[in-house]
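Asks:
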Ligand SMILES: [Zn+2]
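Numbering (the numbering used here), first residue to last: 7 to 336.
1. What is the DSSP secondary structure of residue 237, counted as helix, strand or coil?
2. Between the beta-carbon of residue 191 and the beta-carbon of residue 137, is there less than 8 Å?
3. Taking the runs of the alpha helix (DSSP H) that are 4 residues or longer, which of them lie wholly in the region 69-149?
4. Since residue 337 contacts residue 100 with CB under 8 Å, what's their CB separation in whole angstroms?
5. Is residue 332 near ligand 1, going by C-beta to nearest heavy atom under 7 Å?
6. Using the C-alpha atoms, what's the distance from residue 41 back to residue 244?
7. Span of the beta strand (DSSP E) holding residue 319?
8. Does ligand 2 have a heavy atom nearer than 7 Å to the CB of residue 161?
9. With a threshold of 8 Å on Cβ separation, who are the neighbours of residue 110 within its own chain once the five nearest residues in sequence on each side are excluded?
10. Which one of 112, 132 and 97 has the shortest CA to CA distance from residue 162?
11. Work out the CA separation of residue 172 and residue 300 for me, nearest whole Å.
12. Any idea what DSSP makes of residue 309, helix, strand or coil?
13. Would you report the Cα separation of residue 98 and residue 105, rounded to the nearest angstrom?
14. In terms of residues, what are the limits of the alpha helix (DSSP H) holding residue 187?
15. Using 8 Å as the threshold, is the C-beta distance between residue 330 and residue 89 below it?
16. Less than 8 Å between C-beta atoms, sequence neighbours within five positions excluded: which residues of the same chain meet that for residue 32?
17. At a cut-off of 7 Å, would you count residue 94 as near ligand 1, judging by its Cβ distance to the nearest heavy atom?
18. Could you check whether residue 231 and residue 119 sit closer than 8 Å to each other, using their CB atoms as the reference points?
19. Whole angstroms are fine: how far does the CA of residue 194 sit from the CA of residue 183?
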């Protein structure tokens with residue numbers, strides 16, 4: 007039999023069928039296009055839901071502040087503090103509830119006092135005061151202004167702006183937040199859009215997620231103040247220029263102790279006199295003593311609060327006085 011002629015059916019079947027290159031390219035294009043669509047969709051959804059272009063940022067753990075970012079009242083064996091309610095009556099249930107929640111801290115022994123409604127929130131030495139009012143369209147919902155004299159808190163005034171606090175959840179969250187600052191606590195986190203930490207010093211778009219002090223802050227209070235049965239021991243918590251030493255691990259060692267000399271005794275008496283002056287100073291005299299600034303003058307304090315336009319401002323007024331302003335921004 008003869009060989010199959012070219013062009014016959016058998017000849018065609020034995021020829022390899024060439025792949026169409028266009029088909030592969032089309033598939034690749036398709037995959038790339040779908041990937042781009044998915045990425046764009048994820049970014050868009052993330053922006054809408056969390057305000058962040060990278061959706062993974064939502065889950066990134068925050069770096070909560072340590073105790074060195076806090077300020078302290080002068081207390082080393084637990085903090086016993088009177089908190090004054092200068093609010094309108096409708097705020098009192100929120101105040102009482104928050105005080106009760108903060109009182110869960112082993113470090114705190116909170117006493118409360120009631121005074122007449124004080125829109126201006128004039129400070130009281132050695133106490134925290136909480137006030138409310140329609141302060142207008144400010145850039146803050148809650149404000150805490152803390153004055154430190156010689157590195158320790160002299161007083162704290164917390165103000166709640168009714169203008170921006172329309173509902174109970176907002177009121178409860180803001181009350182807890184501002185009272186928290188009053189102990190000297192900083193913000194746990196100032197990002198509105200990341201995962202809520204569950205504590206009221208964490209900024210949030212969903213206040214109902216962050217209504218309580220939270221274990222993180224309760225633990226931080228123990229670090230800052232110790233407890234009635236366990237005095238504060240961590241040397242890193244000493245303020246660096248407070249005269250308490252400010253020693254840090256690995257830092258310079260203190261000079262060796264020597265027996266007290268006559269001049270030491272005189273210095274001690276002067277220190278004692280200085281402490282006494284701080285305790286009994288009349289505001290007018292204080293103004294002259296503290297470099298012309300009266301740490302108890304409401305107008306002075308307000309001028310610093312007004313000058314602050316972010317979450318936290320630290321004003322070193324002079325060698326004696328520091329003013330910390332914490333704003334829960336609108
Ligand atoms: Zn705040």
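Ideal Cβ positions, reconstructed from N, Cα and C, are used throughout, including at glycine.
Replies: Once the coordinates are examined:
1. Strand, per DSSP.
2. no
3. 98-108
4. The chain is shown from 7 up to 336; residue 337 falls before or after that span and cannot be answered.
5. yes
6. Residue confidence for residue 244 is low, a pLDDT of 47 falling below 50, so the modelled location carries little weight and cannot support an answer.
7. Bounds of the beta strand (DSSP E) holding residue 319 are 318-322.
8. Looking at this structure, you won't find ligand 2 anywhere; what it does contain is ligand 1.
9. 219 and 224
10. 132
11. 35 Å
12. Helix at residue 309.
13. 10 Å
14. 174-188
15. no
16. none
17. no
18. no
19. Linking residue 183 to residue 194 through their CA atoms gives a straight-line distance of about 10 Å.
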